[in-house]
Amino acid sequence: MHKDAHTDRERSQSGFTLIELMVALSLMIILMFLAIPSFSQMLIRSEITAASMAIRAGLSIARSEAVKRGAQVQVCSLSTATMQCAGSVGVGRIVWNDGFIVFQDVDSDRVYNAAIDELLHIARFSESLDINWGRGHYLIYVSTGRLLLGNSSFRINHPSYALERRLILNIVGRVRSIDI
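In terms of the UniProt record's numbering, the sequence shown is numbered consecutively and its last residue is 180.
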């Protein structure tokens, strides 16, 4: 009887064989390598979406404040080294990768001066994105909510992926977006 009890106990023990374990690990590794690229692309899409929402929010603040204050409100590319506008060029496609500043330009010099101008909003972007504006270092909303220098677009993309979103501003200051 002792012999029968011993064989029953051996049959009731369960576990994985080495072959079953290797097959399961192989499948898990294959699935992981398939999932990582799509997960990376999802992260990049979310960064692009976050940047476009930050730009939309900043432009909305600038437009509404220009109307509310009855004065010009400027949005300029940010230089993180100086926490000032990165430049004063008003033409050409310029990189805005560091972020932007929204301020009421009291002295109308198109440069943010903390002693004179009123800071309304600051936004920074993810380092992995390329963001540029088609009309230089700045854009200006006038008291009617219109753009002073005409329409153009922001391009937001990631250099390693073929993902791009454009935010198009029309002359009346409204924003629409398209994915390319």
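By construction, the Cβ of each residue, glycine as well, lies at the ideal position given by its N, Cα and C atoms.
Fewer than three Cβ pairs drawn from the region 66-74 and the region 38-47 lie within less than 8 Å of each other, which leaves the two stretches out of contact.
Per DSSP, reduced to three states, the secondary structure at F103 is strand. For the pair F39 and S143, the Cα-to-Cα distance works out to about 44 Å. For S128, the closest alpha carbon among the candidates G15, E164 and L149 is that of E164.
Under the Cβ criterion (8 Å, minimum of three pairs), the region 117-137 does not count as touching the region 12-29. A direct Cα-Cα distance of roughly 12 Å separates H158 from R166. Here the region 108-121 lies against the region 59-67, with 3 or more beta-carbon pairs under 8 Å apart. As the crow flies, the alpha-carbon of S152 is around 25 Å from that of S160. Non-local beta-carbon contacts of S14 in its own chain, meaning distances under 7 Å to residues more than five positions away in sequence, are absent. DSSP places A123 in no alpha helix (DSSP H) but in the uninterrupted beta strand (DSSP E) bounded by E118 to R124.
Taking the Cα of A51 as reference, the smallest distance to any Cα among N113, G150, V175 and F125 is reached at F125.
Here R93 is not near V175, since their CB atoms are 8 Å or more apart. By the 16-neighbour rule on beta-carbons within 10 angstroms, F33 is exposed.
Spatial neighbours of L149 in its own chain (CB-CB distance under 7 Å, excluding positions within 5 residues in sequence) are listed in chain order as G90, R135, L139 and I140. Rounded to whole angstroms, the gap between the alpha carbons of I171 and S79 is 26 Å. Put simply, the backbone Cα of I168 is about 24 Å away from that of V111. Under the DSSP assignment, S77 falls in the beta strand (DSSP E) whose first and last residues are V73 to S79.
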